[in-house]
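What follows is one structure encoded as structure tokens, with my remarks underneath.
There are 2 protein chains.
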Amino acid sequence: MKIALWQTPPHHDVQTALEQIDSAAKQARAAGAVVMVTPEMALGGYNIGPEKCAELAQQADGLIAALKQIATAHDIALVAGLALPGEGRPFNGAIAVDGHGRELCCYHKTHLYGDVDRAQFTAGKALSGLFDLHGWRIGLAICYDVEFPEVTRSLALQGAELILVPTANMAPFTSVATRLVPARAEENAVVVAYCNYTGHEGDFDYCGLSCVCGPDGNDLARSKASDSDVLIADLSHAALADCRAVMTHLRDRRPELYRP
Amino acid sequence: MKIALWQTPPHHDVQTALEQIDSAAKQARAAGAVVMVTPEMALGGYNIGPEKCAELAQQADGLIAALKQIATAHDIALVAGLALPGEGRPFNGAIAVDGHGRELCCYHKTHLYGDVDRAQFTAGKALSGLFDLHGWRIGLAICYDVEFPEVTRSLALQGAELILVPTANMAPFTSVATRLVPARAEENAVVVAYCNYTGHEGDFDYCGLSCVCGPDGNDLARSKASDSDVLIADLSHAALADCRAVMTHLRDRRPELYRP
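If you read the sequences in order, they're chains A and B.
Note that the working numbering has the first sequence beginning at 1, numbered continuously upward.
Note that the working numbering has the second sequence beginning at 1001, numbered continuously upward.
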């Protein structure tokens, strides 16, 4: 299964964002990808202030409908970050739709990072559910979520084989993309795809480095820090099975010894 | 606080091992270190078969007494890997003694790796207790243990600032030393010191790369793959505090959402 990550600067106008997603989805599908992931809050931008986030959340139904149209038009699944109606503040959300425009999963970021996230959003109440796409069992996480080994472990223990992560990761935290995301893949023998912004947004200097890490932790594909691109990676169930035969972490755990 | 890691080929004769530990401890103390870590099963070797391990465990009292003498002679704490009496098979153990020869901690490896470990040892029943040395709160793990994020997380949640890890890590698993150990340090904002063998032992080609990773995950010191050396790293409580002010993972956890 080929997957695509759309590394882009933020687009604050949602119509522009949708046009760019449409263009990237067309490019991804032409390259053989059956799912494309966007960065966090791809529909409207991330570092935009609480009022703008609240406005975007009110438009969520229309934005999701537009995403479903794009997915259907190009016959490609989409995992896109956007503001979703919450309690008081909106959720920092990600929605997965299949190539027929059907909703597969809706997730609310559970670990809010720093003052910007907390001012703009309400934390989600549950980790991602899992869904199936082209024979792969998939879970979602958003940005800071993936820095917690507990999140990817929980998804892997439920059977996730692939974890898709929209993010908005800024300098100087490149080690998330180069160290922690590869570690999450290796320690769970799962594929982790981490789709970041490039460019600038307010004080934030996004560090790109979007990546797809295989179940041995090694890069299957990686973007540069500053390129806008549609990154393609080809996933193999046979390679996953080979890796899981050797990587024994999931079955050698001793949960009775661990702190909650 | 300066710490030392003794990267060495395995020594199958315990008298030779003790002489080499004595020599390395003297060198470490001269370099200003107040604690020295050895590889896993430093007293007699790791890939040595169940009978040899059982024999070594029966000598544990004498070997521990010898370690205490070395620690006292050089006024340096030691964390050494050795076989300890178990139930049926021995434990794959690590003992910490201070520079006055007093026992600080005794730990039994809880995660046994593969056929060699399981044939030779019984798994421990609890994670390491913590102990204090020169103002640092310290826990132990052995080799495969540290590959499980749950182990270092459990120790960090109890207050560990430094985790000392005797290991016997072989090719091709260099990513443990270069990716997972740095990730354990960064995701918990702790120092992790990973002391490996170099050289060969039976089928095993040890990959060295002993390291001390700071609380931001970056190397404070690292040995090469094939050198025998006494690696020194200088730890700073001020640097730990600075890092912990920025690295927010420990306080941003949401344990109510995680699988056990």
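A virtual CB, placed ideally from N, CA and C, is assigned to each residue, including glycine.
Using a beta-carbon distance below 8 Å, is residue i in contact with chain B?
i, result
"A:His249", "yes"
"A:Arg253", "yes"
"A:Leu84", "no"
"A:Leu257", "yes"
"A:Thr110", "yes"
"A:Ser128", "no"
"A:Pro260", "yes"
Run through chain B and tell me which residues come within less than 7 Å of residue i, C-beta to C-beta.
i, result
"A:Glu87", "Chain B residues near A:Glu87: none, gap ~17 Å exceeds 7 Å."
"A:Thr38", "Result: empty, since nearest Cβ-Cβ is about 24 Å, beyond 7 Å."
Give the residues of chain A in contact with residue i, contact being defined as C-beta atoms less than 7 Å apart.
i, result
"B:Ser1175", "Glu186 and Gly217"
Is there a Cβ of chain A sitting closer than 8 Å to that of residue i, yes or no?
i, result
"B:Thr1167", "no"
"B:Phe1148", "yes"
"B:Ser1210", "no"
"B:Ser1154", "yes"
"B:Ala1183", "yes"
"B:Leu1180", "yes"
Could you pull out every residue in the same chain whose Cβ sits closer than 6 Å to the Cβ of residue i, ignoring the five residues on either side in sequence?
i, result
"A:Tyr107", "Ala94, Ser128 and Leu140"
"B:Gly1032", "Lys1002"
"B:Leu1056", "Gly1044 and Ala1083"
"B:Asp1075", "Gly1099"
"B:Pro1050", "Ala1119 and Gln1120"
If you drop the 5 nearest sequence neighbours on each side, which residues of the same chain put their C-beta closer than 7 Å to that of residue i?
i, result
"B:Asp1205", "Met1170 and Ala1171"
"A:Ser226", "Thr198 and Gly208"
"A:Gly45", "Pro10, His11, His12 and Glu201"
"B:Arg1118", "Leu1112"
"A:Val290", "With chain A running from 1 to 260 in the structure shown, residue 290 of chain A is simply not present."
"B:Val1151", "Leu1127, Ala1141 and Asp1145"
"A:Lys224", "Gly208"
"B:Ser1228", "Gln1007, Thr1008, Pro1009 and Thr1198"
"A:Ile48", "His12"
"A:Val116", "Asn47"
"B:Gly1159", "Leu1130 and Arg1137"
What distance in whole Å lies between the Cβ atoms of residue j and residue i, which are believed to be in contact at a cut-off of 8 Å?
i, j, result
"A:Gly214", "A:Ala185", "6 Å"
"A:Leu5", "A:Leu43", "Contact flag wrong, Cβ pair sits at about 16 Å."
"A:Gln58", "A:Val14", "Actually they are not in contact, since the Cβ atoms of A:Gln58 and A:Val14 sit about 12 Å apart, beyond 8 Å."
"A:Ala183", "B:Arg1222", "17 Å between Cβ atoms; not a contact."
"A:Ile163", "A:Leu157", "12 Å between Cβ atoms; not a contact."
"A:Ile138", "A:Phe148", "That pair is no contact at about 19 Å."
"B:Met1041", "B:Asn1092", "7 Å"
"A:His134", "A:Val230", "In fact, because the Cβ distance is near 18 Å, the residues do not count as touching under 8 Å."
"B:Thr1008", "B:Pro1039", "7 Å"
"B:Ala1080", "B:Ile1021", "7 Å"
"A:Arg259", "B:Arg1259", "Between B:Arg1259 and A:Arg259 the Cβ distance is about 14 Å, and since that is not below 8 Å, they are no contact."
"B:Arg1254", "A:Thr110", "6 Å"
"A:Glu187", "A:His249", "6 Å"
"B:Leu1235", "B:Val1191", "6 Å"
"B:Glu1087", "B:Thr1122", "6 Å"
If I measure Cβ to Cβ from residue i and keep anything under 8 Å in the same chain, skipping five residues before and after, which residues do I get?
i, result
"B:Ala1071", "Ala1025, Ala1077, Leu1078, Val1097, Asp1098, Gly1099, His1100 and Gly1101"
"B:Asp1219", "Pro1182, Cys1211, Val1212 and Cys1213"
"B:Ala1054", "Ala1083, Arg1089 and Pro1090"
"A:Cys243", "Ala189, Gly214, Pro215 and Asp216"
"B:Leu1018", "Leu1043, Leu1063, Ala1066, Leu1067 and Ile1070"
"B:Ala1245", "none"
Can you find a CB in chain E that lies within less than 8 Å of the CB of residue i?
i, result
"A:Leu157", "Here chain E cannot be found, since the structure's protein chains are A and B."
Is residue i near the ligand MN, in the sense that its beta carbon is under 7 Å from a heavy atom of that ligand?
i, result
"B:Pro1215", "Looking at this structure, you won't find the ligand MN or any other ligand, since it has none at all."
Interfacial residues, the segment 220 to 238 of chain A to chain B, with Cβ spacing under 8 Å: none
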